[in-house]
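I have placed the structure first, in the form of structure tokens, so that the comments after it can refer back to it.
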């Protein structure tokens, strides 16, 4: 059958993505991307280090970024995104800005990092008080808190898992449990950190339950990168992506909107024993009850 009349595929605009070597959620990134945009992903070189502040420093070295960005330029992207939260907050505000500058110099393209995108998203939502959910250890979580404090943002509550590997295997039920643990009456927004933590399907459900905007590392990264292309990320009724979704809460989120459930914690760490590999079939990452 002659298909020459179709004229070939439609032109695509590209986003070049640099991710850590253990990144396993390529499919999740694509879910926020409209059809006319392509993602071109590359990974940093493997290093035999578990998730930690040391790993965050290794995967964000400027020499590593330079090599990754130069490899991406062959695909001719129009914008660059560094998709790693810890790697982009471990050096503080100055370190994040230096990473963007290094990527821009290597390719002469606009560049964004996950942590820089987080600050942009907080400004977009007018949020100054943030509840945190992370899969990290205490030290990495505290580094994220320090980054936010440097930006003038207050952390009102947190929950973390203490994981050093296999973060992409965490099911939605554990993400939701951490969100309920961290969120409180005074938070303007809940942030779910780590680009290797699945979040796409859980965001709308948590927003409806907690009655505050919920943002995640992968979501803000794609939102900020696509904004630089003059286009929009796509997602089902997520407050960051849809201004109409922000109007579902009639009162400012820091004001009382009903009784707080008993047993609500403002800080905590879930048991790692809940996350043994035998409890994490792949299908559980696609939804939660």
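Residue numbers (the working numbering): 30 to 318. From the three backbone atoms N, C-alpha and C, an ideal C-beta is built for every residue, glycine too.
Excluding the 5 residues preceding and the 5 following residue i in the sequence, name in chain order all residues of the same chain whose CB lies nearer than 6 Å to its CB.
i: residue 9; result: Because the chain here runs from 30 to 318, residue 9 falls outside it and cannot be looked at.
i: residue 148; result: 180
i: residue 49; result: 73, 88 and 113
i: residue 192; result: 164
i: residue 167; result: none
i: residue 253; result: 141, 146 and 149
i: residue 85; result: 115, 116 and 119
i: residue 154; result: 218 and 242
i: residue 170; result: 163 and 189
For residue i, count the other beta carbons within 10 Å of its own beta carbon; 16 or more makes it buried, fewer makes it exposed. Which is it?
i: residue 76; result: exposed
i: residue 117; result: buried
i: residue 238; result: exposed
i: residue 39; result: exposed
i: residue 41; result: exposed
i: residue 55; result: exposed
i: residue 135; result: buried
i: residue 152; result: exposed
i: residue 125; result: buried
i: residue 265; result: exposed
In chain order, what residues of the same chain have a beta carbon less than 8 Å from the beta carbon of residue i, not counting five sequence neighbours either side?
i: residue 223; result: 114, 115, 163, 164, 165, 196 and 246
i: residue 62; result: 44, 68, 251, 255, 262 and 263
i: residue 121; result: 175, 176 and 179
Taking the straight line between their C-alpha atoms, what separation do you get for residue i and residue j?
i: residue 176; j: residue 103; result: 33 Å
i: residue 158; j: residue 58; result: 26 Å
i: residue 280; j: residue 240; result: Low confidence applies here, because residue 280 scores a pLDDT of 44, under 50, leaving its location unreliable; read the following figure in that light. Cα to Cα, the separation comes out at about 10 Å.
i: residue 82; j: residue 146; result: 20 Å
i: residue 105; j: residue 60; result: 21 Å
i: residue 80; j: residue 98; result: 23 Å
i: residue 70; j: residue 259; result: 20 Å
i: residue 184; j: residue 178; result: 8 Å
Any heavy atom of the ligand ATP closer than 6 Å to the CB of residue i?
i: residue 124; result: Questions concerning the ligand ATP fall outside what the structure shown contains, since it holds no ligand whatsoever.
> Do the stretch 88-100 and the stretch 264-275 make contact, defined as three or more Cβ pairs closer than 8 Å?
Replying inline: no
>> Threshold first: 3 residues or longer. Then list the beta strand (DSSP E) segments lying entirely within the stretch 178-259, N to C.
In response: 183-189, 218-221 and 243-245
> In chain order, which continuous runs of the alpha helix (DSSP H) of length 4 or greater are located wholly inside the stretch 106-170?
Replying inline: 114-118, 121-136 and 143-154
> Of all the alpha helix (DSSP H) runs that stay within the bounds of the stretch 46-85, which reach a length of 4 or more residues?
Replying inline: 55-60
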